[in-house]
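Take the sequence shown: its letter number 55 is residue 1213 in the working numbering, and every next letter is one higher.
Backbone N, C-alpha and C define an ideal beta-carbon position, used for all residues, glycine too.
Note that the structure is a prediction, hence the values are computed from the model and not measured.
Inspection log for the structure reproduced underneath, given as structure tokens.
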Amino acid sequence: MTYRETYDAWKADPEAFWMEAAEAIEWDQKPSKALSDENAPLYEWYADAKVNTCWNAVDRHVENGRGEQTAIIYDSPITHTKREISYVELRNRVASLAGALRAKGVEKGDRVIIYMPMIPEALEAMLACARIGAVHSVVFGGFAANELAVRIDDCTPKAIIAASCGLEPNRTVHYKPLLDGAIELATHKPDFCVIFQREQEVAELIEGRDVNWHGFQYGVEPADCLPVEGNHPAYILYTSGTTGQPKGVVRHTAGHLVALNWTMKNIYNVNPGDVFWAASDVGWVVGHSYICYGPLIHGNTTIVFEGKPVGTPDAGTFWRVIEEHKVKTFFTAPTAFRAVKREDPTGEYVKKYDLSCLEQVFLAGERADPDTIVWAQDQLQKPIIDHWWQTELGYPGVCNPVGIELLDVKLGSPSVPLPGYEMKILDDEGNELPPGELGAIVTPLPLPPGTFPTLWNAEDRYKSSYLNTFPGYYETGDAGMIDEDGYLYIMARTDDVINVAGHRLSTGAMEEVLAAHPDVAECAVIGVADPLKGQAPMGFLCLNAGTDRDHADIAKEVVKMVREKIGPVAAFKLACVVDRLPKTRSGKILRATMVKIADGEEFKMPATIDDPMILDEIKEALQTLGYPKS
């Protein structure tokens, strides 16, 4: 079937479409229907089914004769470690850990926080929870103690599973003191903590509360998979909220299984047994969906990579991993490619490796500017697929569906809506806008299976954050436009659409122009307060390695480029060169924080910031431009 035939089949009968997709899952009790709408707008999928995620991700592959296939490849250039774990070994390890958790009192519905680095044991902890019906909440390893405490109080875990430390290229991140500090700050106290002691750092255990990962599994009976209801929460994943209070995205078990399994072939174009690599982290939704669950449910080999795109040891580390482990589909963030491009603009490292195994590359996490996509196309000579989704959705909503049909790639667009989504562009009053006009991106309810049915213990906040602005629609929080062919262009977060003298302008469109400058490796545009125009755009430029031209000249050139490409209406006059941009650990640029600094407003240090020191550099750059205004 073509993309259009597949999409039309969904549109004609969504329930039949998703019931057919559900046939690929092994059910303990099959669902009698796909959608439950009794509590609309709180929809549920496959609610009356009985199923187990761990069975579908691990045990069934062993039972079906593929136990010797590699499930997980662990590749850590930081520790110089590589190892492979087969499906049968993974089953045995997960069953043992699950049995030990159950012996310590963890039951179906209990929450377990997982605070781990990029090691296979993080996936084992997730799967062990799923095996016994516990609800896991992975918190990015190394998160600050107060942020971890907020999550402890919100989901009230019975247990916390943590590692002694995480490893960065130049430092050790001491997890255990952060964990101890978080528990001290939190009102809720877990019954016990399981500590995986890494050889790089052995942490001191607190008697009566902490148990050793290996020690507490001795002599315990392995756990079988416990079937749970289709609407039983598989996990809670916190995403930062605009109020600074994290939002606990809930993922129901059955829809999660069906949707992720469907995406592996139809979107990512892999068959069972193929090697799939998502270069992300288990703390993010990409790590949940496409390092852990999606590949394993589908019977792929997944890669757990503990390293960075540059510096471990060089800008060729991605290509080394792809060649060595025969990766068929690679998924990373545009910011990672920009880091590689900045260090290796002419692709010298690419030429050193045989990438014939690689068939396609997917980008998501931050808007993929056309310049980065063109660079990757030129260097790799493979389809480079930008696609769009969110923590809330759990998997792509807009994508070029390579496994169904490779559509035309339009630079700057993540392509077309997938089954389950019918993207529309609305103005502030909720009127649908014609092609080419910028507005709020929404999709009609119900959201498809595998998305989030609610927020943890915050139903009212779920409605007010996502459903109330445009009744009958899910509000994505992104702004963009749709062209005559139905391709979506995501130009900015709704908050990043700036109003310059009454003109609504996209910061993303301006970033596209800046990124096209030959010396610019990465950039960001923000809107700062302006007494005359309301807001004025300001650009920050990171230059390619080895660029020795005068920074003032480059700034003048990009100002001229924006004037030529977008026009005088943009009023783009402010640009400066910085070494780095402030980002979250998943690669999103912290534009809202930069705006507050420029406008001289109070701001809360973002919990997800990768390196707080960068904000000092941004302050200095702003001062050279005369901001904040006194």
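Quick check on the DSSP output: the beta strand (DSSP E) that includes residue i runs from which residue to which?
i: Arg1409; result: Lys1405 to His1410
i: Trp1435; result: Val1433 to Ala1436
i: Leu1663; result: His1661 to Ser1664
i: Thr1397; result: Pro1391 to Thr1397
i: Ile1425; result: Where Ile1425 is concerned, there is no enclosing beta strand (DSSP E), given that its DSSP letter is neither H nor E.
i: Gly1685; result: Val1678 to Asp1688
i: Pro1695; result: Gly1692 to Leu1701
i: Ile1648; result: Leu1646 to Arg1651
i: Leu1780; result: No beta strand (DSSP E) contains Leu1780, which is instead part of the alpha helix (DSSP H) from Ile1772 to Thr1782.
i: Lys1240; result: Thr1239 to Ser1244
Beta carbon of residue i, beta carbon of residue j: below 9 Å?
i: His1545; j: Leu1521; result: yes
i: Ile1231; j: His1483; result: yes
i: Gly1431; j: Tyr1553; result: no
i: Val1297; j: His1446; result: no
i: Tyr1794; j: Phe1495; result: In the structure as shown, the chain starts at 1159 and stops at 1788, and residue 1794 therefore has no counterpart that could be examined.
i: Asn1429; j: Asn1214; result: no
i: Ile1767; j: Arg1743; result: yes
i: Tyr1393; j: Val1408; result: yes
i: Thr1652; j: Asp1636; result: yes
i: Thr1475; j: Asn1427; result: no
i: Val1831; j: Tyr1785; result: Given that the chain is displayed from residue 1159 to residue 1788, the structure contains no residue 1831 and the question cannot be resolved.
i: Ala1292; j: Gly1257; result: no
i: Ala1307; j: Leu1363; result: no
i: Gly1406; j: Cys1287; result: no
i: Ile1684; j: Ile1648; result: no
i: Lys1240; j: Pro1327; result: no
i: Gln1358; j: Leu1395; result: no
i: Trp1168; j: Phe1175; result: yes
i: Glu1576; j: Gly1608; result: Reading the sequence as shown, one finds Leu at residue 1576 and not Glu. No. Outside cutoff.
i: Phe1350; j: Arg1367; result: yes
i: Val1209; j: Ile1183; result: yes
i: Ala1673; j: Leu1739; result: no
Buried or exposed, going by whether 16 or more other CB atoms sit within 10 Å of the CB of residue i?
i: Ala1756; result: buried
i: Arg1707; result: exposed
i: His1456; result: buried
i: Met1763; result: exposed
i: Asn1197; result: exposed
i: Asp1618; result: exposed
i: Arg1289; result: buried
i: Asp1677; result: buried
i: Thr1345; result: exposed
i: Lys1499; result: buried
i: Leu1690; result: exposed
i: Gly1638; result: buried
i: Gly1644; result: exposed
i: Arg1162; result: exposed
i: Ala1659; result: exposed
i: Met1159; result: exposed
i: Met1696; result: buried
i: Met1276; result: buried
i: Thr1504; result: exposed
Please look up how many angstroms separate the CB atoms of residue i and residue j, rounded, as I've assumed it's under 8 Å.
i: Leu1699; j: Ile1712; result: 7 Å
i: Thr1411; j: Gly1441; result: So it is not a contact: roughly 21 Å between Cβ atoms.
i: Ser1254; j: Gln1375; result: 5 Å
i: Tyr1624; j: Tyr1632; result: 6 Å
i: Gly1588; j: Phe1628; result: 5 Å
i: Ile1319; j: Ile1272; result: 5 Å
Just curious, the alpha helix (DSSP H) that residue i is in, first and last residue?
i: Met1284; result: Pro1278 to Ile1290
i: Glu1265; result: Neither: Glu1265 is in no alpha helix (DSSP H) and is coded neither H nor E.
i: Asn1131; result: Since the displayed the chain opens at 1159 and closes at 1788, residue 1131 lies outside it and no answer follows.
i: Lys1334; result: Tyr1333 to Leu1343
Please give the ranges of any beta strand (DSSP E) in the stretch 1442–1502, keeping only runs that are unbroken, at least 3 residues long and fully inside the region. 1459–1463 and 1485–1490
Every unbroken beta strand (DSSP E) inside the stretch 1170–1235 [3 residues or more]: 1228–1234
Sequence ranges, beta strand (DSSP E) only - wholly within the stretch 1546–1633, length at least 3: 1582–1584 and 1597–1602
Complete runs of the alpha helix (DSSP H) confined to the stretch 1703–1761 [at least 4 residues]: 1709–1723 and 1749–1756
Return the chain-ordered ranges of every alpha helix (DSSP H) run that is complete within the stretch 1356–1380 and spans a minimum of 4 residues. none
Enumerated in chain order, which unbroken segments of the beta strand (DSSP E) with a length of 3 residues or greater are wholly contained in the stretch 1505–1533? 1518–1521
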